[in-house]
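Have a look at the structure below, then the notes.
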Amino acid sequence: MIPDTPRTTDTPDVSGVPAVLRVQDLVVTYGRHRAVDGVGFRIAPGESYAVVGESGCGKTTLARTVLGLLRPASGEVALEGVRLDQARGRDLRALRRRVQIVFQNPFAALNPRMTVARLVDEPLRLAQPGLTAAGRAGAVSALLASVGLADRFLGRRPHELSGGQCQRVAIARALAMDPVLLVLDEPTSALDVSVQAQVLNLLADLRQRQGLAYLLISHDLGVVRHLADRIGVMRAGRLVEEGPAQEVLNAPAADYTRALIAAVPGRGRAALVRGAGTGDEAGAAGSPGGGAPAGDTRADDVPTGPVPALASGAVAVPASEPSSTGSSQ
Amino acid sequence: MTLLTVEDLTIEFPRPGGRSGGAIRPVRGVTLTVEPGQTLGVVGETGCGKTLTGLAVLGLLPPAARPRGSIRLDGLELLGAPPSQLRAVRGSAIAMVFQNPATAFDPVRPLRTQFERVIRRHRGGSREQARARAAKLLAEVELHDTDRVLSSYPHQLSGGMLQRAMIALALSCEPRLIIADESTSALDVTVAQQVRRLLLRLQHAHGFGVLFITHNLGEARDLCDRVAVLYAGEVVETGPVEDVFTAPAHPYTKVLLGAVPTVDGDVAPLASLPGEVPADVLAVTGCVFANRCPQAANLCRSTPPPARSLPGDRRALCHFADPEVAA
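Okay, structure coming up:
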């Protein structure tokens, strides 16, 4: 491991394996704004952890801090038991290789002047400097095959690929570094639904084959349901609820989680008018048969007011009910 | 009378690069109807022609486009109508709610000016009357701090507030038809839900018809009475929304519905499509979906499918659309 960087006091699991990622009391600030405000969670090896929330909740800031791109104001980020937030120089670079990211927009993430072969070869040179050219060519083919791309794509450039193919190349590049943790920042929200399905299937499959851990950042609860073992619901820099994916989605404890679930479309018009059942008291009070829901005059489903921090293993329930303070933005 | 009739609409562009006689047709033979007070969903993936269809109804196609067919609003032919006539219809009888309200408003003028211009252009009256109407409309879209909203520039309002303001502006001339193109796609999930509810409530109160263009199938299910599924420029299936969603007749609709990861139900591998839309659909001899269709037979590769009428006021563009499907 890396000798100069302090290790955490984290006690290993019963299995004796430390968490792939352990975040504790994390605070990240931009000036006086606390974008991440006391967040803590852990990801076990091979586990998929999703952070869900709306724009501005701090989920992307959290991802950047986990990648070692932002320094926290306080708190700990430990990767395989080593403190990423205190690492510097060579240690930090070595640690960063263990975490790779797949961005939302694959066209923007790939150098348009490089061929697919070069794009995947680039990280391989860093990861395995001892490899010969022939060895790397073989490895590039194998990586592409693992994301479902045949050798005929080797000579193509990003503009000759579809969005889904670009995202596969981006995933192959991430895998080339042999990471333990893949950060997926809205990995399919720029893709069409049939292409999104391919990429989600691929990600589910890769995790099973390679035992990767995922930190998934998403606003789409359907995607989260499909890919995550555990979910942390984030709002205004804090985790308002955390738990196994099934439990959080089937029996949400926080009002905000209920509001997010109720906002997922697709249950039909009656449900939309009613307020889709759970967690939407204002809408649920309305008439089910059409027309304006009675209690929904300002349609602000999201509870406002201060967000209490999450005690470990517990659920924080915002004190205020849906109020009428205008748009949630 | 039917509010909007789009009949056999084909939109052609000269091929970029300009070989003589070459052309691309991103929309081919599209037929749609919107009844007064009803919502028709136009759903499909990137490049299927849904946005072009909406722009054609507004007469806002790019200058190079060559549309053919017929677009009638209350029986009045819009395709080929003189610009002065189109200007009278646009913003008045037909209004548009765009995807991104932050770019649809003029960034250098306060909302007050933009409301005044639209209202006075179509309805005349004094500036004070226009302001009073704007305030009333904003209250109707649940923006109650009307003075502050009207004196704001677009960048001073949130996405959700701006989209509400855009809907108010669309309502300002009491349109009979609203075209909503991905109107909630740029919004956060909870705000999008509020906007959908608002649209439904306003439609109930005002009785306008809606052409609702979206890639989000769930959203179409919640808002629409009927739905038209587009693939590669063609309507592959139309019908009442619940029927199409519970028993899709076209193989593409089936895959599309199976590809959406849902919050409830089992976590199973999602349906997905192999391959891509043909690069040149005009060179395809049979069905344009045949190269990706899980049920394609030889007939599909040789002969374009007819638009088959199915029971329950449904149609599907498929040789093998199950006639029992709606029964």
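Top to bottom, those sequences are chains A and B.
All the letters of the first sequence, read from the start, carry residue numbers 14 to 342 under my numbering.
All the letters of the second sequence, read from the start, carry residue numbers 2 to 328 under my numbering.
Even for Gly, the Cβ is constructed at its ideal location relative to N, Cα and C.
Bear in mind the structure is a predicted one, so any value in this text is a computation, not a measurement.
Taking Glu135 (chain A) as reference, the option from A:Val153, A:Asn118, A:Pro119, A:Ala121 with the minimal CA-CA separation is A:Val153.
Taking 8 angstroms as the threshold, the shortest C-beta distance from Asn217 (chain B) to chain A falls below it. The C-alpha of Leu87 (chain B) lies about 19 angstroms from the C-alpha of Thr52 (chain B). The distance from the Cβ of Ala185 (chain A) to that of Leu144 (chain A) is about 16 angstroms, inconsistent with a contact at the 8 angstroms cut-off. In the DSSP assignment, Met97 (chain B) falls within the beta strand (DSSP E) that extends over 95 to 98. The stretch 156 to 200 of chain B is shown to contain whole alpha helix (DSSP H) runs of 4 or more residues at 160 to 172, in chain order. Any Cβ of chain B closer than 8 angstroms to the Cβ of Val36 (chain A) would place that residue at the interface, and such an atom is absent. Of the residues A:Leu273, A:Asp242, A:Ala272, A:Ala266, the one whose Cα lies closest to the Cα of Ala258 (chain A) is A:Asp242. The C-beta distance from Val228 (chain B) to Ala221 (chain B) rounds to 5 angstroms, short enough to fall under 8 angstroms. The continuous stretches of alpha helix (DSSP H) do not include Tyr232 (chain B), which lies in the beta strand (DSSP E) extending over residues 227 to 232.
Proximity of chain B to Asn214 (chain A) at the Cβ level (cut-off 9 angstroms) is accounted for by Pro270, Leu271, Ser273, in chain order. Judged by DSSP in its simplified three-state form, Arg170 (chain A) adopts coil rather than helix or strand. Listed in chain order, the non-local C-beta contacts of Arg309 (chain B) below 6 angstroms within the same chain comprise Ala317, Ala322, local neighbours out to five positions each way being set aside.
In the same chain as Ala298 (chain B), and ignoring 5 residues on each side of it, the C-beta atoms closer than 8 angstroms to its own belong to His320, Phe321, in chain order.
A buried status is given to Glu143 (chain B), since no fewer than 16 other beta-carbon atoms sit within 10 Å of its beta-carbon. Closer than 8 angstroms at the C-beta level to chain A, one finds these residues of the stretch 185 to 202 of chain B: Asp189, Val190, Thr191, Val192, Ala193, Gln194, Gln195, Arg197, Arg198, Leu199, Leu201, Arg202. One thing to note: Val64 (chain A) has its Cβ within 8 angstroms of the Cβ of Ile230 (chain A).
For Thr263 (chain B), the nearest beta carbon of chain A is closer than 8 angstroms to its own beta carbon. For chain A, the residues of the stretch 126 to 159 of chain B that bring a beta carbon within less than 9 angstroms of one of its beta carbons are Glu143, Leu144, His145, Asp146, Leu158, Ser159, in chain order. The stretch 74 to 154 of chain A is shown to contain whole alpha helix (DSSP H) runs of 4 or more residues at 102 to 110, 119 to 122, 129 to 140, in chain order. Chain B has no Cβ within less than 8 angstroms of the Cβ of Pro171 (chain A). Of the residues assessed, Met2 (chain B) falls on the exposed side of the cut-off, its CB having fewer than 16 other CB atoms within 10 angstroms.
Any Cβ of chain A closer than 8 angstroms to the Cβ of Ala250 (chain B) would place that residue at the interface, and such an atom is absent.
In the assembly as shown, Gln221 (chain A) is an exposed residue. Its beta-carbon has fewer than 16 other beta-carbons within 10 Å. Excluding sequence positions up to five before and after Arg149 (chain A), its CB lies within less than 8 angstroms of the CB of Asp134, Leu137, Arg138, Gln141, all in the same chain and listed in chain order. Contacts between Asp223 (chain B) and chain A, judged by CB atoms closer than 8 angstroms, involve Pro278, Gly279, Arg280, Gly281, Arg282, Ala284, Leu285 in chain order. Under the three-state reduction of DSSP, Arg121 (chain B) is assigned to helix.
In the structure shown, Gly71 (chain A) adopts coil according to DSSP, grouped into three states.
Under the DSSP assignment, Gly48 (chain B) falls outside any alpha helix (DSSP H); it carries neither an H nor an E label. The C-beta of His46 (chain A) comes no closer than 8 angstroms to any C-beta of chain B.
Linking Arg293 (chain B) to Tyr232 (chain B) through their CA atoms gives a straight-line distance of about 12 angstroms. By the 16-neighbour rule on beta-carbons within 10 angstroms, Lys137 (chain B) is exposed. In the displayed model, Tyr154 (chain B) falls within coil according to three-state DSSP, outside both helix and strand. Ala82 (chain B) places its beta carbon 8 angstroms or farther from that of Ile179 (chain B). One thing to note: Ser68 (chain A) has its Cβ no nearer than 8 angstroms to the Cβ of Leu257 (chain B). Look at the beta carbons and you see the stretch 89 to 105 of chain A not touching the stretch 263 to 270 of chain A: under three pairs across the two are nearer than 8 angstroms.
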